[in-house]
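> Below is the structure I would like to discuss, written out as structure tokens.
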DNA sequence: ATAGGGTTAG
């Protein structure tokens, strides 16, 4: 109360200068809503000084709901508690609502219990929806059942607002029979309670029921809303039923029902996940209003389609639009940065996340950061972050082991692997095997592979593991052993295994061995251009030009094209530059090629061979 | 004067 009077003194001058003497309450509300929290405080001060707060119960309730709508539940509760007169039931309801709609569920429950001890007041049809919502957030099924019984006691069991909240609660906690009973016992059902059924089933993975209720809802002639569309789209996205998702989009366009922001977001998500980048963009660009979900879904859609540059551009637009990124934005954007190895951008993004307190304790985000630092070459920074994590998950271990592997630090990878507190999975084993391979640690690698074959990790060797072993043996010059392992791998991995073997044969000058299996790669994976190129190269090394010409001829006839290699480099203060093989398009191409030749010369002079 | 339902991540 002391604080409030001080506040009143402070802002009464301001209020007096900008407002006529006691305008109507609704006018005040409009002004306050426009100015959000500051406006609410101004109104609060004015109501106190004018005495309106003690004479009008409506004034107190309006004030509580204003604070609630400006996301200030604590101020709402303070106004409620400091009321000069005992608050009436409407004020109690507004206060409970302020807490429950601002995620202060436990406080909402406490306030509700205090209301129950008040002999003069009983909860009504406005109280129940709020308290049920709070209990749903708390996941308290025991309390939900008690409150449900209480609804009958007060004769409010046919109230559709309370029933919607109850249905929502039961479905979230997978009490399907209870939810359906409440739903069917109602004398009338509106679109909201239908939405509760559809979305409740959708969220708990009961996709069939969700679709059935949606279909039934349409049969009953209920007009769907943006809430319905969002829920039903999430079903089709989860089940990868993109054609049905498209049909929903068409339905929305045809019936002209408003999409609202969330339903548009769900469409972007759907199109993003079915590689319909253009359609996702179409929806995104046509939105009049975008929230953080819109941006996150759109950035992820670029990301799924592999367009890292577009993802980064979108991120820039997001910041310009003044939308605050969150941890999900960061996990979507960091892989794009990693892909183009833009360390400066990565550091900048990390600093931004730290400044805005977005990093706190999100395992996904920490993993993305570790991966980014490792892929951008800053492996020791990656390790510092890894060690600082309060709790690493399996992905963290895998990322860090992979990081050491790709930096040729086999010993560090092996040490990390041996100190693992979590059980490894197949990805972990691939990482540690490739670390042994790149680090030339054949014996350690063979030992892990042997243990794997003996079932020690509970994982049986898969294609990738064979591939790692071929690579490892090949690099160590154990070509016969490499060949034996390549012969064990099948399918696409078999082809890659043979390619690894062929590469190793060439490295070791055993071109005859390479020629012997050159076409096996093509036989196994004729669609893969890499196999054809490999075969042609092998014949070239051995000087078998007739065979080489034959392979090239077949490649032409079949239209096999070599995929052009592409790389990026980040220049401090000058952004990211992309290059493809033989690229002369860069404004400073001449200087760049001169520098490359210079570096190649130093490397040769330093005694390095290919 | 006060009330119920929704989307995104390795």
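Residue numbers (the numbering used here): -13 to 596. Think of the CB as a built atom: it goes at the ideal place given N, C-alpha and C, for glycine as much as any other residue.
If we ignore side chains and look at the alpha-carbon of each, how far apart do residue 492 and residue 360 end up?
Taking the first residue of the first chain as position 1, residue 492 is located at position 506. Taking the first residue of the first chain as position 1, residue 360 is located at position 374. Near 30 Å, if we compare the C-alpha coordinates of residue 360 and residue 492.
> Tell me whether residue 194 sits in a helix, a strand or coil according to DSSP, three-state version.
Counting from 1 along the first chain, the entry for residue 194 is found at position 208. Residue 194: helix per DSSP, three-state reduction.
> Scan the region 218 to 274 and note each continuous alpha helix (DSSP H) run of 4 residues or more that stays entirely inside, going in chain order.
228 to 241, 246 to 259 and 263 to 272
> Rank 161, 215, 115 and 191 by C-alpha distance to the C-alpha of residue 200 and give the top, closest one.
Counted from its first residue, the first chain places residue 200 at position 214. Among 161, 215, 115 and 191, the Cα nearest to that of residue 200 is on 215.
> Is it buried or exposed, residue 485, if we count other Cβ atoms within 10 angstroms and call 16 or more buried?
Numbered from its first residue, the first chain carries residue 485 at position 499. The residue is buried, with at least 16 neighbouring Cβ atoms inside 10 Å.
> By DSSP, does residue 289 sit in helix, in strand, or in coil?
The residue given as residue 289 occupies position 303 in the first chain. Note: residue 289 maps to helix in three-state DSSP.
> Could you work out which residue in 220, 312, 321 and 193 is closest to residue 250 when comparing CA atoms only?
One-based indexing of the first chain puts residue 250 at position 264. Among 220, 312, 321 and 193, the Cα nearest to that of residue 250 belongs to 220.
> Taking three-plus beta-carbon pairs below 8 Å as touching, is the region 111 to 127 in contact with the region 137 to 154?
yes
> Where does residue 448 fall in DSSP's three states?
Walking along the first chain from the start, residue 448 turns up at place 462. Here residue 448 sits in coil by DSSP.
> From 513, 349, 527 and 529, pick the residue whose C-alpha is nearest to that of residue 540; which is it?
The residue you call residue 540 lines up with position 554 of the first chain. Checked all of 513, 349, 527 and 529; the closest Cα to residue 540 is 513.
> Can you list the alpha helix (DSSP H) stretches of 4 or more residues lying completely in the region 125 to 182, in chain order?
127 to 139, 146 to 158 and 162 to 171
> Kindly list the residues whose CB is nearer than 7 Å to the CB of residue 355, restricted to its own chain and excluding five residues on each side of it in sequence; keep chain order.
Numbered from its first residue, the first chain carries residue 355 at position 369. Taken in chain order, the residues that qualify are 320, 336 and 371.
> Tell me the residue span of the alpha helix (DSSP H) that contains residue 518.
For the purposes of this step, residue 518 is taken as the residue at position 532 of the first chain. From DSSP, the alpha helix (DSSP H) with residue 518 extends over 515 to 528.
> Buried or exposed, going by whether 16 or more other CB atoms sit within 10 Å of the CB of residue 61?
As a working note, residue 61 is residue 75 in the first chain. Residue 61 should be labelled buried.
> Taking the straight line between their C-alpha atoms, what separation do you get for residue 289 and residue 382?
For the purposes of this step, residue 289 is identified with residue 303 of the first chain, where counting begins at 1. For the purposes of this step, residue 382 is identified with residue 396 of the first chain, where counting begins at 1. Their Cα atoms are separated by approximately 21 Å.
> If you reduce the DSSP assignment to three classes, tell me which class residue 487 lands in.
Here the question's residue 487 lines up with position 501 in the first chain. Three-state result, residue 487: helix.
> Between which two residues does the alpha helix (DSSP H) containing residue 325 stretch?
For the purposes of this step, residue 325 is identified with residue 339 of the first chain, where counting begins at 1. That run of the alpha helix (DSSP H) goes 313 to 325.
> Go through its chain and collect everything with a Cβ distance to residue 266's Cβ below 6 Å, but skip five positions before and after it.
Position 280 of the first chain, counting from 1, holds the residue named residue 266. Closer than 6 Å at Cβ, skipping near neighbours: 254, 257, 258 and 287.
> Let me check understanding here. Comparing Cα to Cα, which of 298, 76, 173 and 25 lies closest to residue 110?
For the purposes of this step, residue 110 is identified with residue 124 of the first chain, where counting begins at 1. Ranking 298, 76, 173 and 25 by Cα distance to residue 110 puts 76 first.
> Taking the continuous alpha helix (DSSP H) assigned at residue 302, which residues delimit it?
Position 316 of the first chain holds residue 302. Its alpha helix (DSSP H) spans residues 294 to 306.
> Would you check if the distance between the CB atom of residue 455 and the CB atom of residue 423 is smaller than 9 Å?
Reading the first chain from its first residue, position 469 is the one you call residue 455. Reading the first chain from its first residue, position 437 is the one you call residue 423. Yes, they are a contact pair.
> Could you give the DSSP three-state label for residue 577: helix, strand or coil?
Counting from one through the first chain, the residue named residue 577 turns up at place 591. In the structure shown, residue 577 sits in a helix (DSSP, three-state: H, G or I).
> Using alpha carbons as the reference points, say which of 178, 177, 186 and 98 lies closest to residue 164.
One-based indexing of the first chain puts residue 164 at position 178. Selection 178, 177, 186 and 98 evaluated against residue 164 yields 186 as nearest (Cα-Cα).
> Please classify residue 372: does DSSP put it in a helix, a strand, or coil?
The residue given as residue 372 occupies position 386 in the first chain. Looking at residue 372 - three-state DSSP - the assignment turns out to be helix.
> Taking DSSP as the reference, what is the three-state secondary structure of residue 59?
Counted from its first residue, the first chain places residue 59 at position 73. Of the three classes helix, strand and coil, the one that applies to residue 59 here is helix, per DSSP.
> Excluding sequence positions up to five away, which residues of its chain have a Cβ less than 8 Å from the Cβ of residue 113?
Taking the first residue of the first chain as 1, we reach residue 113 at position 127. Same-chain partners within the cutoff: 75, 78, 79, 82, 98 and 101.
> Quick check on the burial criterion: 16 or more other C-beta atoms within 10 angstroms. Buried or exposed for residue 26?
Position 40 of the first chain, counting from 1, holds the residue named residue 26. Under this definition residue 26 is a buried residue.
> Rounded to whole angstroms, what's the CA-CA distance from residue 579 to residue 229? Just pull it up for me.
Along the first chain, one-based indexing puts residue 579 at 593. Along the first chain, one-based indexing puts residue 229 at 243. If you take the alpha carbons of residue 579 and residue 229, they lie about 49 Å apart.
> DSSP three-state label for residue 541, please.
Taking the first residue of the first chain as 1, we reach residue 541 at position 555. Correct three-state label for residue 541: helix.
> Give me the Cα-Cα distance between residue 58 and residue 68, rounded to the nearest whole angstrom.
Here residue 58 refers to the residue found at position 72 of the first chain. Here residue 68 refers to the residue found at position 82 of the first chain. Going by the C-alpha atoms only, they are around 16 Å apart.
> Sorted by chain position, which residues of the same chain lie with C-beta nearer than 6 Å to residue 471's C-beta, five sequence neighbours on each side aside?
By one-based count along the first chain, residue 471 stands at place 485. Taken in chain order, the residues that qualify are 452, 455 and 456.
> Applying the criterion that 16 or more other CB atoms from any shown protein chain within 10 Å of the CB defines a buried residue, is residue 378 buried or exposed?
Walking along the first chain from the start, residue 378 turns up at place 392. The residue in question, residue 378, is buried, as its Cβ has 16 or more Cβ neighbours within 10 Å.
> Here's a check: name, in chain order, each residue in its chain whose Cβ is nearer than 7 Å to the Cβ of residue 345, leaving out the five neighbours to either side.
Indexing the first chain from 1 puts residue 345 at position 359. Same-chain partners within the cutoff: 339 and 351.
> In whole angstroms, give me the CA-to-CA distance for residue 594 and residue 494.
The sequence position of residue 594 within the first chain is 608, counting from 1. The sequence position of residue 494 within the first chain is 508, counting from 1. Residue placement at residue 594 is flagged as unreliable, the pLDDT there being 48, under the threshold of 50; the coordinate-derived value follows with that caveat. Distance between the alpha carbons of residue 594 and residue 494: 15 Å.
> If distances are taken between C-alpha atoms only, which option among 84, 72, 349 and 126 comes closest to residue 106?
One-based indexing of the first chain puts residue 106 at position 120. Among 84, 72, 349 and 126, the Cα nearest to that of residue 106 is on 72.
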